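Numbering of the sequence shown is given in this note's numbering, commencing with residue 997 and proceeding in unit increments. All residues carry an ideal CB built from backbone N, CA and C; glycine is no exception. These numbers were taken from a predicted model, which means no experiment stands behind them.
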Amino acid sequence: MLSKKLLRRSAITVASCAGVLAFSAAGLWELDRAFPPPLPAELAVSTEVQDRDGQLLRAFATPDGYWRLETRLDQVDKQFVDMLVTYEDKRFWDHEGVDVLALARAAGQFATSGHIVSGGSTLSMQLARLIEPRESRSLGSKIKQMLRAIQIERRLSKREILERYLTLAPYGGNLEGVRAASLAYFGKEPKRLTVSEAALLVALPQLPEKRRPDRNLQIAHAARDRVLTRMVSSGLLGEREAARAALDDVSGLRRTLPALAAHAAYAMLPKAVPGQPLQLTIRKSVQEGLEQVARDAATKLGPRLSVAMVLADARTGEILGEVGSANFFDASRSGWIDMTKIVRSPGSTLKPFIYGLAFEQGLVAQETLIDDSPVDFSGYRPKNFDMGYQGDVSIRQALQLSLNVPAIRVLDAVGPTRLMARFRQAGVSPVLPVNEAPGLAIGLGGVGITLRDLVQLYTGLANGGKTHTLHDGTEPANAERTSATILDNQANWQIIDILSGVKPPEGALQRGIAYKTGTSYGYRDAWSVGFDGRYVLGVWVGRPDAGAVPGLSGYVSAAPILFDGFVRSGLATVPLPGKPPGIFSPKREDLPVTLARFGAGSDGLVQATPTEPAPTIIFPPDGARVDLGTNSADASPLVLKLQGGRAPFRWLANGKPLTGIDRRRTATWQPDGAGYSTLTVIDAAGRAASVKVFVE
């Protein structure tokens, strides 16, 4: 009877205890729901602007003035994480927020010594203190941290807890998080830390102000050594490895965080989304090299002068480096103005496209003679830069020497309107004076263009005649990107061949690039644009206020920066495009009569300007030998060009008509094989012209 009563009482006791536990658990559950820890989905971190490979270009402080970079475990050295867990919370991966054994040890040490020997806080408890700073170091505050740690463990994974701690941990001053600390104290991301560096970063968050190496170097050094000693006793480091690490100096320097591509970075800010880095097409190593070149050059050039640079991949249009000014914060140079986007006079830098159109239309060959002497175009009298004249020069010499008069003679033949139309076709719209039509002055800089647009035009020269819209990531997501042909491949190669022969500036290394310089009227702008087989670099030098600079010139002021920029960009030189099939480039003595001299009149030679009413085949010239690669599987067609005549036109090859008739003055013919052929064109009036060529 007694045993039955005892059993009943025991059952009632167990049930009561279970009820109390259940009620307590329910109460704790409700309290947990009613008072959740302040765990925002996204931490308030610095806005980051990254390069194409995810490397930090520039960061912006948080609204409260802290450098706080979001940190993922894969961005941090694994050895550092192991050292941190071993030093701060060796059972981190096993407990549920509170390490009872660590608390018992800390309490026992305090009871026997009378002061705190070691703490019992887990990383979860420390995270609780970081997201909800305590008002005092009381027992109540510690208990609250413990409860918060348990709540945090229920909501976040161990990895997420560790990442938040690594983002929020204090490292002295306005540095928070291990990435900001590593960049400030070591000048690098914490992905690959030395043992000494990792030990210092483990030690700093306990007493960040007292142990700051830039303020208290000896204290920081001692704290680092204590961490190394603990790692040896815990078995994480060997004694010899720790001893070697202890010999490393602790730097007392606090560096500024990366601050590259200022203009592009600020332009990206409107796109900022909390917690998501912004990305540019820029390559960090290229940007660093160009910015250093710009700073050095501006120092040599003198006060108030600035430098802008754009380096782009001609195959994609991606901008790999862009410098809007020599120094963003230099007020004397108006450094805040992005001179890559300001419209200025391009000087002679558009001349290659004038000659390119002439090659395309068959008006000139490289050895065609052209007169460099005073000329009057209905009141417009162009003069050369040095005010002198060369007399008869070849087209190649005229472009390489950047002679003004020959360029305008050729522009008069090809037409300023056609040149501007080709620019617009390539996605570039140069700015003309208000209410003015394109005139001959555009050939010498009488038009406005930005450095970015100029580089975009030159991507065509580096890319077989096809341009790509430049972009760096700052553009709207729906911005149109186009590619267009600015010159046909054969004319494009002729220009490359000429510009690759321009002499480098004094002291510059020959890098296998082609380039052109330009100087605007009044010595206000100096330009240099160069390219290899893939990359285009444009340089502008001048005063942002458009003030005149006596002695400023493209060759003297901008070209050395161009060559230095290519070297210090770190990009390997890509060979210039090879000679395409079908190129016609005879020696001067082999030129046909129609190409011997440009713009002849009283001497009896055919005018190069298209004014002759009867049709004339201007390409290929009569008696020419043309290499089309007829023995290969990918033989090129021959481009046929004519002047004069009345449309439509019919072409014949060896007496056999080509398909259909055409109103255009160009056609193509695919020969059956090598040998002599006769090509004939007949216009609408029945007039005919023929040439005989040898196809190889």
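When you compare only the Cα positions, how much space is there between residue i and residue j?
{"i": "residue 1327", "j": "residue 1206", "result": "37 Å"}
{"i": "residue 1247", "j": "residue 1214", "result": "10 Å"}
{"i": "residue 1073", "j": "residue 1165", "result": "16 Å"}
{"i": "residue 1111", "j": "residue 1152", "result": "A caution first: residue 1111 carries a pLDDT of 46, below 50, which makes its placement in the model unreliable, though a value can still be read off. Residue 1111 and residue 1152: Cα-Cα distance of roughly 34 Å."}
{"i": "residue 1298", "j": "residue 1234", "result": "56 Å"}
{"i": "residue 1415", "j": "residue 1409", "result": "11 Å"}
{"i": "residue 1400", "j": "residue 1631", "result": "38 Å"}
{"i": "residue 1045", "j": "residue 1064", "result": "14 Å"}
{"i": "residue 1644", "j": "residue 1682", "result": "10 Å"}
{"i": "residue 1589", "j": "residue 1452", "result": "37 Å"}
{"i": "residue 1080", "j": "residue 1198", "result": "6 Å"}
{"i": "residue 1379", "j": "residue 1292", "result": "34 Å"}
{"i": "residue 1301", "j": "residue 1194", "result": "44 Å"}
{"i": "residue 1443", "j": "residue 1341", "result": "6 Å"}
{"i": "residue 1427", "j": "residue 1509", "result": "29 Å"}
{"i": "residue 1264", "j": "residue 1469", "result": "8 Å"}
{"i": "residue 1634", "j": "residue 1667", "result": "8 Å"}
{"i": "residue 1141", "j": "residue 1059", "result": "27 Å"}
{"i": "residue 1647", "j": "residue 1690", "result": "17 Å"}
{"i": "residue 1388", "j": "residue 1434", "result": "28 Å"}
{"i": "residue 1675", "j": "residue 1692", "result": "15 Å"}
{"i": "residue 1483", "j": "residue 1628", "result": "25 Å"}
{"i": "residue 1489", "j": "residue 1181", "result": "51 Å"}
{"i": "residue 1637", "j": "residue 1436", "result": "25 Å"}
{"i": "residue 1274", "j": "residue 1043", "result": "8 Å"}
{"i": "residue 1642", "j": "residue 1467", "result": "44 Å"}
{"i": "residue 1553", "j": "residue 1524", "result": "9 Å"}
{"i": "residue 1594", "j": "residue 1617", "result": "14 Å"}
{"i": "residue 1708", "j": "residue 1307", "result": "This structure does not reach residue 1708, given that the chain is present from 997 up to 1692, and the question cannot be answered."}
Our contact map puts residue i next to residue j with C-beta atoms below 8 Å; I'd like the distance itself, whole angstroms only.
{"i": "residue 1150", "j": "residue 1210", "result": "Actually they are not in contact, since the Cβ atoms of residue 1150 and residue 1210 sit about 39 Å apart, beyond 8 Å."}
{"i": "residue 1054", "j": "residue 1261", "result": "4 Å"}
{"i": "residue 1480", "j": "residue 1462", "result": "7 Å"}
{"i": "residue 1612", "j": "residue 1640", "result": "5 Å"}
{"i": "residue 1532", "j": "residue 1239", "result": "Not really, about 53 Å apart at Cβ, beyond 8 Å."}
{"i": "residue 1454", "j": "residue 1527", "result": "6 Å"}
{"i": "residue 1507", "j": "residue 1413", "result": "The pair is not a contact, with the Cβ atoms about 36 Å apart (cut-off 8 Å)."}
{"i": "residue 1440", "j": "residue 1344", "result": "7 Å"}
{"i": "residue 1271", "j": "residue 1170", "result": "That pair is no contact at about 20 Å."}
{"i": "residue 1496", "j": "residue 1395", "result": "In fact, because the Cβ distance is near 11 Å, the residues do not count as touching under 8 Å."}
{"i": "residue 1167", "j": "residue 1204", "result": "5 Å"}
Sort out for me which residues DSSP pairs residue i with in a bridge.
{"i": "residue 1305", "result": "1319, 1535"}
{"i": "residue 1365", "result": "1390, 1593"}
{"i": "residue 1512", "result": "1525"}
{"i": "residue 1090", "result": "In DSSP, residue 1090 forms no bridge with anything."}
{"i": "residue 1314", "result": "1467"}
{"i": "residue 1694", "result": "Because residue 1694 is not part of the residues shown, which for the chain are 997 to 1692, the question remains open."}
{"i": "residue 1373", "result": "1376"}
{"i": "residue 1665", "result": "1634"}
{"i": "residue 1054", "result": "1045, 1255"}
{"i": "residue 1625", "result": "Paired residues: none, contrary to the question."}
{"i": "residue 1063", "result": "1171"}
{"i": "residue 1480", "result": "1463"}
{"i": "residue 1658", "result": "1645"}
{"i": "residue 1685", "result": "1677"}
{"i": "residue 1166", "result": "1172"}
Answer yes or no: do residue i and residue j have a C-beta to C-beta separation smaller than 7 Å?
{"i": "residue 1047", "j": "residue 1278", "result": "yes"}
{"i": "residue 1538", "j": "residue 1560", "result": "no"}
{"i": "residue 1514", "j": "residue 1456", "result": "no"}
{"i": "residue 1317", "j": "residue 1325", "result": "no"}
{"i": "residue 1577", "j": "residue 1625", "result": "yes"}
{"i": "residue 1348", "j": "residue 1512", "result": "yes"}
{"i": "residue 1146", "j": "residue 1093", "result": "yes"}
{"i": "residue 1465", "j": "residue 1320", "result": "no"}
{"i": "residue 1545", "j": "residue 1517", "result": "no"}
{"i": "residue 1540", "j": "residue 1404", "result": "no"}
{"i": "residue 1156", "j": "residue 1067", "result": "no"}
{"i": "residue 1336", "j": "residue 1304", "result": "yes"}
{"i": "residue 1591", "j": "residue 1364", "result": "yes"}
{"i": "residue 1351", "j": "residue 1368", "result": "no"}
{"i": "residue 1280", "j": "residue 1071", "result": "no"}
{"i": "residue 1423", "j": "residue 1478", "result": "yes"}
{"i": "residue 1244", "j": "residue 1192", "result": "yes"}
Secondary structure, alpha helix (DSSP H): runs of 4+ residues fully inside the region 1186 to 1219: 1191 to 1199
Ranges of the alpha helix (DSSP H) found wholly within the region 1547 to 1584, counting only runs of at least 4: DSSP runs (the alpha helix (DSSP H)) wholly in the region 1547 to 1584: 1555 to 1564.
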